[in-house]
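Asker: This is the structure I want to talk about, given as structure tokens.
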Amino acid sequence: MSGENSSADDVQADDVQRVWDVVVVGAGPAGASAAYAAAVAGRRVLLLEKAELPRYKTCGGGIIGPSRDALPPGFELPLKDRVHAVTFSNNGRFTRTRRSKQMMFGLINRPEFDQQLVEHAQKAGAELRTGAAVQRVEQHGSAVPDRRTVAVVLQGGETLLARAVVGADGSASRIGAHVGVKVDQVDLGLEAEIPVPETVAEDWRGRVLIDWGPMPGSYGWVFPKGDTLTVGVISARGEGAATKRYLEDFVARLGLAGFEPSISSGHLTRCRADDSPLSRGRVLVCGDAAGLLEPWTREGISFALRSGRLAGEWAVRIAEAHDAVDTRRQALNYAFAVKAGLGVEMSVGKSMLAAFERRPGLFHAALTGFRPAWRAFKEITQGRTSLGELVRSHPLAQRALTAFDPGPAAKAKAAAEAAAKERPAGEDTDASDEDAVTS
Ligand SMILES: Cc1cc2nc3c(=O)[nH]c(=O)nc-3n(C[C@H](O)[C@H](O)[C@H](O)COP(=O)(O)OP(=O)(O)OC[C@H]3O[C@@H](n4cnc5c(N)ncnc54)[C@H](O)[C@@H]3O)c2cc1C
């Protein structure tokens, strides 16, 4: 039941209706991670998921180093491919492939990956209930027996009780709405899962493609998963027709238009505003539900896993909190932990996106022709450094980023010139670890 400090009254109340220590809403990477963290702490955890598992999720399935590092112990990634090469193009032009001897990142299918994460949470002791869509949570009113309890109301009217709730119900989160999550960036991602013949699959094995798109801040990707290619594009919401056209053109120019997609889908991604809350009372939010994802690449799995784990750990403390002051203290601790790590990465990511929106060509030139930029890309995807760390420790990265602030165009020029000056003439191969091929 609830924490060791429960009073006799609480125990009686719990006997009347089971009160979970932690109820987690949504069984994606954030929810599974939160449920795992709370369950390994020995608490009674219920994980609610509206779909039946495994369920499809629109996602490239790119697993970068920080995602790998945030997995529970003993978790074996169900990798469909290991990425050793990236082909970059700028709206279909100036195509260039760069290679790395060391694996950069892995590719997974989300249904399988998510299900495996949920199984880990179950093994740690969490109980799973699928087909359970949460309609709302209540922290006051007749459904709530006392001030230490949250009512979780399912579609159909059934009410469950918890000492703490973690909202991990994705980018259209109901729990996020309850908490008052505010977003300042919304993007539309469109994707097609395209089964291809062996000869085509072979051509893509171990290599992804990233294309800087025609709309500001947009880009496209091809992620190979054995006999299927995940092809997608993402761009700011509000340009649905142009985003759809971008995907169609992208698929056509890659010569993939003749293959029928097995799944075509779209999904919104939302990034939190700096001052957006991460909790309300005994309810915490994490992952997409909290608007936690990398604003430039829209990478969200590592943000979901990391914030999910933190939410699970702090939900355990909130479950034990006996009064509003202690609850508030634990919730603030959670917010502090999120902001100190993921918050910093998000603010650097926002600057990167602003820079990329202005000068995608410069990004392309840097990644394909300026060895330190390619090395930074590799190290970030491998998890050996982060964008935030890079900007903190590399004066050139700092200069390049500040150069894109609105107004000082001279600074932007200086950064471009600095990048061009350091670009090796003719030779773009680092024999120790990488080689480059123009295609
Ligand atoms: C096109 C596209 C491509 C992407 N590619 C990548 C990539 O390659 N790498 C990467 O790291 N990130 C990628 N992302 C981002 C990534 O998919 C998300 O950030 C990630 O899925 C967030 O995980 P989550 O657990 O917070 O939410 P989700 O994975 O969305 O899980 C939320 C869960 O909650 C459930 N749920 C929702 N509402 C309720 C309810 N009311 N009651 C009960 N359950 C509910 C849902 O069914 C779902 O299972 C991509 C996103 C898009 C749109």
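Counted from 1, the sequence shown has number 507 at position 310 by the numbering used here; the numbering is strictly sequential.
The C-beta atom is built at its ideal place from N, Cα and C for all residues, glycine as well.
Keep in mind it's a predicted model, so treat the numbers as computed, not measured.
1. Could you tell me which whole beta strand (DSSP E) segments of length 3 or greater appear in the segment 402-465?
2. For ligand 1, I want to know if S415 counts as a neighbour, meaning its beta carbon is within less than 7 angstroms of at least one of the ligand's heavy atoms.
3. Roughly how many angstroms separate the alpha carbons of V380 and P492, rounded to a whole number?
4. Can you tell me the Cα-Cα spacing of K320 and G417, whole angstroms?
5. Who are the near neighbours of V208 in its chain, counting only those whose CB is closer than 6 angstroms to its CB and skipping five residues on each side?
6. Let me check understanding here. Comparing Cα to Cα, which of R495, R555 and R572 lies closest to M637?
7. For T565, count neighbouring C-beta atoms within 10 Å of its own C-beta (all shown protein chains included) and say buried if the count is 16 or more, exposed if not.
8. What residues match up with P392 in a beta bridge as DSSP calls it?
9. Less than 7 angstroms between the CB of G367 and some heavy atom of ligand 1, yes or no?
10. To the nearest angstrom, how far is the alpha carbon of V242 from that of S368?
11. Tell me which same chain residues have a C-beta within less than 7 angstroms of the C-beta of A348, skipping the five on either side of it?
12. Span of the beta strand (DSSP E) holding N288?
13. Going by beta carbon distance, what residues of the same chain come within less than 7 angstroms of A518, once the five residues before and after it are set aside?
14. Could you check if A521 is buried or exposed, using at least 16 other CB atoms within 10 Å of its CB as the buried criterion?
15. Looking at A486 and A365, is the spacing between their C-beta atoms short of 8 angstroms?
16. Give me, in chain order, the residues of the same chain whose beta-carbon lies closer than 6 angstroms to that of D237; leave out the 5 immediate sequence neighbours on both sides.
17. Name the residue from R556, L502 and I431 whose alpha carbon lies nearest to the alpha carbon of V539.
18. In terms of residues, what are the limits of the beta strand (DSSP E) holding D218?
19. Should G354 be listed as close to ligand 1, given that the test is whether its C-beta is under 7 angstroms from any heavy atom?
20. Pairing CB atoms from the segment 541-555 with CB atoms from the segment 384-394, are three or more of them under 8 angstroms?
21. Determine contact between the segment 454-473 and the segment 505-513, defined as no fewer than three beta-carbon pairs at a distance below 8 angstroms.
22. Is the beta carbon of V588 less than 8 angstroms from the beta carbon of Q595?
23. L584 to L490, Cα distance in whole Å?
24. Can you tell me which residues form a DSSP beta bridge with A235?
25. Cα separation between R506 and G303?
26. W409 and F560 - do their beta-carbons sit closer together than 8 angstroms?
27. Going by DSSP, which residues form a beta bridge with I305?
28. Assign A612 to one of two classes, buried (16 or more other C-beta atoms within 10 Å of its C-beta) or exposed (fewer than that).
29. Have a look at A534, H591, G223 and T582 and flag the residue whose alpha-carbon is nearest the alpha-carbon of G373.
30. Let me make sure I understand the geometry here. Which of G437, R442, G478 and Y443 has the alpha-carbon closest to that of L465?
31. Using only the heavy atoms of ligand 1, determine whether one of them is closer than 7 angstroms to the beta carbon of I577.
32. Taking its Cβ as the centre, do 16 or more other Cβ atoms sit within 10 Å of S311, making it buried, or is it exposed?
33. From which residue to which residue does the beta strand (DSSP E) around E335 run?
34. Please state if the CB of G225 and the CB of K247 are separated by a distance shorter than 8 angstroms.
35. Identify whether K608 lies in helix, strand or coil by the three-state DSSP scheme.
36. Using only the alpha-carbon positions, how far apart do A516 and A361 sit?
Answerer: In this structure, then:
1. Qualifying beta strand (DSSP E) stretches, in chain order: 404-409, 416-422 and 425-433.
2. No; taking the cut-off as 7 angstroms, the Cβ of S415 has no heavy atom of ligand 1 nearer than that.
3. When rounded, the distance between both Cα atoms is 11 angstroms.
4. So the alpha carbons of these two residues sit roughly 37 angstroms apart.
5. Unreliable placement is indicated for V208, whose pLDDT of 43 sits below 50; the coordinate value is still reported in the next sentence. Here V208 has no same chain residue with a Cβ atom under 6 angstroms from its own Cβ, once five neighbours each way along the sequence are excluded.
6. Residue 637 cannot be examined here, being either before or after the span of the chain that is shown, 198 to 636.
7. Burial call: buried.
8. The beta-bridge partner set that DSSP reports for P392 consists of T425.
9. G367: yes, Cβ under 7 angstroms from ligand 1.
10. Cα to Cα, the separation comes out at about 23 angstroms.
11. So the list reads V334, E335, A340, V341, T356 and L358, once near-sequence residues are dropped.
12. Note, N288: premise wrong, no beta strand (DSSP E); not H, not E.
13. Here the set comprises T524 and Q527.
14. With fewer than 16 other Cβ atoms within 10 Å, it is exposed.
15. With respect to A486, A365 sits close: the two C-beta atoms are nearer than 8 angstroms.
16. A small correction: the amino acid at residue 237 is Val; Asp does not occupy that position in the sequence shown. Within the same chain, V237 has close Cβ partners A321.
17. The identity of residue 539 in the sequence shown is Leu, whereas the question assumes Val. Of the candidates R556, L502 and I431, L502 places its Cα closest to the Cα of L539.
18. DSSP places D218 in the uninterrupted beta strand (DSSP E) bounded by V216 to V222.
19. G354: no, Cβ never under 7 angstroms from ligand 1.
20. Short answer: they don't touch.
21. No, the segment 454-473 does not touch the segment 505-513.
22. Contact: yes.
23. Their Cα atoms are separated by approximately 13 angstroms.
24. Note: A235 sits in no beta bridge, so no partner.
25. If I take the Cα positions, the gap works out to 21 angstroms.
26. Cβ distance < 8 angstroms, so F560 and W409 count as in contact.
27. In the DSSP output, where bridge partners are listed per residue, I305 has L276.
28. At A612, the pLDDT of 37 sits below 50, so the modelled position is not reliable; the number obtained from the coordinates is stated separately. In this structure A612 is buried. Its beta-carbon is surrounded by 16 or more other beta-carbon atoms within 10 angstroms.
29. Closest option to G373, Cα to Cα, is G223.
30. Nearest C-alpha to L465: G437.
31. Flag unset: Cβ of I577 not near ligand 1.
32. One detail in the question is off: residue 311 reads as Asp in this sequence, not Ser. Counting Cβ neighbours within 10 Å, D311 comes out buried, since at least 16 surround it.
33. Segment V331 to E335, the beta strand (DSSP E) holding E335.
34. In this structure, G225 does not lie closer than 8 angstroms to K247 by Cβ.
35. Confidence at K608 is low in this model, with a pLDDT of 40, below 50, so the placement of that residue should be treated as unreliable; the coordinate-derived value is given next. In the displayed model, K608 falls within a helix according to three-state DSSP.
36. Computed Cα separation, rounded: 5 angstroms.
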